[in-house]
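Below: the structure, in C-alpha cells.
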Amino acid sequence: MGLVETKMRKPNLEAFMARMLLLWNPQTTVLEVVNTEQQAIHTKIRCIRSRNSFLFSLVYGLHSPETRQPLWDSMLDFGLQGLPYLVSGDFNAVVHVDERRGFRKPDNREMDGPIQACAILGLQDVPSTGCFFTWTNGHVFSKIDRAKEFSDISAWAKEATRQLEELQLKADRDTSNRALQDQIRLLKQKTELLVTSEKNFYSQKAGLKHRLLSDRNTAFFHAMVRTNNTRNTIALLCKPDGSLIEDQDKIADSFVHFYNGLFGVPKDATPLIPEVIRTGYTLNDDESLSLIRGVSDMEIKKALFSIKDDKAPGPDGYSSAFFKKNWGTVGADLTNAALEFFESGHLLKSFNTTAIALIPKTASSPQVLGHQRLVPCAEIPKAKSALVFWQA
Numbered sequence: 280m281g282l283v284e285t286k287m288r289k290p291n292l293e294a295f296m297a298r299m300l301l302l303w304n305p306q307t308t309v310l311e312v313v314n315t316e317q318q319a320i321h322t323k324i325r326c327i328r329s330r331n332s333f334l335f336s337l338v339y340g341l342h343s344p345e346t347r348q349p350l351w352d353s354m355l356d357f358g359l360q361g362l363p364y365l366v367s368g369d370f371n372a373v374v375h376v377d378e379r380r381g382f383r384k385p386d387n388r389e390m391d392g393p394i395q396a397c398a399i400l401g402l403q404d405v406p407s408t409g410c411f412f413t414w415t416n417g418h419v420f421s422k423i424d425r426a427k428e429f430s431d432i433s434a435w436a437k438e439a440t441r442q443l444e445e446l447q448l449k450a451d452r453d454t455s456n457r458a459l460q461d462q463i464r465l466l467k468q469k470t471e472l473l474v475t476s477e478k479n480f481y482s483q484k485a486g487l488k489h490r491l492l493s494d495r496n497t498a499f500f501h502a503m504v505r506t507n508n509t510r511n512t513i514a515l516l517c518k519p520d521g522s523l524i525e526d527q528d529k530i531a532d533s534f535v536h537f538y539n540g541l542f543g544v545p546k547d548a549t550p551l552i553p554e555v556i557r558t559g560y561t562l563n564d565d566e567s568l569s570l571i572r573g574v575s576d577m578e579i580k581k582a583l584f585s586i587k588d589d590k591a592p593g594p595d596g597y598s599s600a601f602f603k604k605n606w607g608t609v610g611a612d613l614t615n616a617a618l619e620f621f622e623s624g625h626l627l628k629s630f631n632t633t634a635i636a637l638i639p640k641t642a643s644s645p646q647v648l649g650h651q652r653l654v655p656c657a658e659i660p661k662a663k664s665a666l667v668f669w670q671a
C-alpha cells in the first residue's frame, strides 16, 4: 500500500520525514526497492503464493511541468524491462482537458510529459469507481491521482483463446459432457473480456501515438500524409465504352463532363395550359400581392436560423452555427446582402460557389457513378432558398 502527501502527527515527525510511504506484508509479498527519488519509489514485487513478479512505482509529482519532467524520465528508465508494470499515486498532472474543471484548461506543455511517458510504456488507466475528480479546493476540480498499468494483455488473450479452442475440440468428441460445456461457457466470457480489453488497449495506444506524432514533421506524420493521398486519389476510371483512363487530368475532365451533362442538359419545358390551371385553386389579388411583397429583416434572420447547425459549411468554412452565434456582429451585413439580391435580382457569383467532394460508394469504384457527391454551399443561398420556400 502506498501513501502520498503524508500528514503525520507531531510526535511521529522524526520517524516519518517523507512525502511517500510504502507498506507491504512480508508474509505474502517480497518487495525489493530498486530506486528511491524525490518523486518516486521504484520497486520490484513478487507474490509468494503465485510467484508472479511485476514492477511497481509509487509516485508523487511536484507542482510544475518542468519539475515533474524528472519523474517521467525515471519512469521510462525503470519501466522498460519487459515485466508487467503498475504505477500509482499523485501524478499532480492531468492527461486530458476534461480532467480539470473550474480553472483554465490544461495546455500541451502540462500534459505532454505524462502522455508521452505512458504512451511509450504502454500504460493505461486502471478501471476505478467513485468520484471522477480526485482533488478539489472547492473551486477547482482535477483528476491528478490515478493508477496506470501495463501487462501483456495480448499474451493473456492469446492463451485464453488457445484454451477455449482445446475445450471446444474436447466438447466435439464428448457432446454429453455438461461439465465441459459449463467450462466452455465461463472461458468464453473470459476470452471475450480479454479480447475486448486488448482491442481497447491498442486503440488507446494508437490514439496516443497519433496525438504525439501526427503533427510533428516525423516519419509517422509523412506516412500518414502518403496514406491519405493514396486513399484520396482516383487511380483509374472506367468510361462508358469500357476503356480505362489512368491520366489524372483526363479523369478530372471525365467527372466535369459528367456533371455538366447532369446539371446543364437543356430540355424543352412543357407549355402551360391556362384552361387546366383555372380548374384548380387560384390566388386572389391579396394573395398574389403577398408573393411579390418586400422581404423583411426578420424573415431573413428566421430563414437563416432555420438551417441546422450541423449542415455542411460553404467553401469559406463558415457554417450556419457561426452566423447564429455571431449574429450581433455579422447579422446586418448578411441581411443587407440578402436584401440586395431580392431588390436587384442579381447574386454575386462567389455567393453561389460550391465545392464538390467525391466520396467513393465502395472501396474500389472505377466508374463515375460509383462516387457520391458532397456539395457544401454558402449560407446566403441556403437562406435565400428557405425564404423563397416559405413565401411560396
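In terms of the numbering used here, the sequence shown opens at residue 280 and continues consecutively. Just so you know, even glycine gets a beta-carbon here, dropped at the ideal spot from N, CA and C. Since the structure is predicted, the reported quantities are computational estimates derived from the model, not experimental observations.
Rounded to whole angstroms, the Cβ separation of Pro344 and Arg388 is 5 Å, and the two are in contact under 8 Å. One thing to note: Leu334 has its Cβ within 8 Å of the Cβ of Leu362.
Nearest Cα to Lys587 within the set Lys604, Met577 and Val609: Lys604.
Checking the DSSP bridge columns, you'll see Phe429 partnered with Tyr364. Taking 8 Å as the cut-off, the Cβ atoms of Val474 and Ala436 count as close. The beta carbon of Lys449 is closer than 7 Å to those of Leu459 in its chain, skipping five residues each way along the sequence. Our two residues, Asp547 and Pro553, have alpha carbons roughly 18 Å apart in a direct line.
Ala439 is positioned such that its CB atom lies no closer than 8 Å to that of Thr415. Here Val419 has Gly381 and Phe382 as same chain residues with Cβ atoms under 6 Å from its own Cβ, once five neighbours each way along the sequence are excluded.
For Leu515, there is no enclosing beta strand (DSSP E), as DSSP marks it with neither H nor E. One Cα belongs to Leu515, the other to Ser599, and the distance between them is close to 37 Å. Taking every protein chain shown into account, the CB of Tyr364 has 16 or more other CB atoms within 10 angstroms, so this residue is buried. DSSP, read as helix, strand or coil, puts Ala548 in coil. Apart from the 5 residues on each side of it in sequence, Thr614 sits with its Cβ closer than 6 Å to the Cβ of Asp576 and Ile579 in its chain, given in chain order. The beta carbon of Asp453 sits closer than 7 Å to those of Leu459, all from its chain and outside the five residues before and after it, given in chain order. Residue pairing by DSSP places Thr322 opposite Val312 and Phe335 in a beta bridge. Residues of the same chain with a CB within less than 7 Å of the CB of Leu310, apart from the 5 flanking positions on each side, are Trp303, Thr322 and Ile324 in chain order. Nearest neighbour of Pro393 by Cα position, chosen from Asp352, Glu477 and Tyr560, turns out to be Asp352. Taking a 10 Å sphere around the C-beta of Glu378, we find 16 or more other C-beta atoms and assign the residue as buried. In the displayed model, Phe602 falls within a helix according to three-state DSSP.
Excluding sequence positions up to five before and after Ser433, its CB lies within less than 6 Å of the CB of Glu477, all in the same chain and listed in chain order. With a contact defined as Cβ atoms closer than 8 Å, Ile423 and Ala372 qualify at about 6 Å. From the listed residues Arg457, Arg425 and Lys467, the smallest Cα separation to Gln442 is found for Lys467. Note on Gln447: under 16 other CB atoms within 10 angstroms of its CB, so exposed under the neighbour-count rule. DSSP places Ala398 inside the alpha helix (DSSP H), whose first and last residues are Asn387 to Leu400. Contact annotation: Ser367 and Ala426 have beta-carbon atoms nearer than 8 Å. Between Gly340 and Asp386 a beta carbon distance of about 17 Å is seen, past the 8 Å cut, so the two are scored as non-contacting. With respect to the C-alpha of Asn314, the residue from Gln306, Asp612, Met354 and Pro305 having the closest C-alpha is Met354.
Where Ile423 is concerned, there is no enclosing alpha helix (DSSP H), because DSSP gives it neither an H nor an E. Counting along the chain, the unbroken alpha helix (DSSP H) around Lys581 starts and ends at Asp576 to Phe584. Here Ile571 carries a coil assignment [DSSP, helix/strand/coil].
Leu402 is classed as buried because its beta carbon has at least 16 other beta carbons within 10 Å across all chains shown. Beta-bridge partners of Arg380 (DSSP): Phe420.
CA-CA distance, Asp565 to Lys384, rounds to 59 Å.
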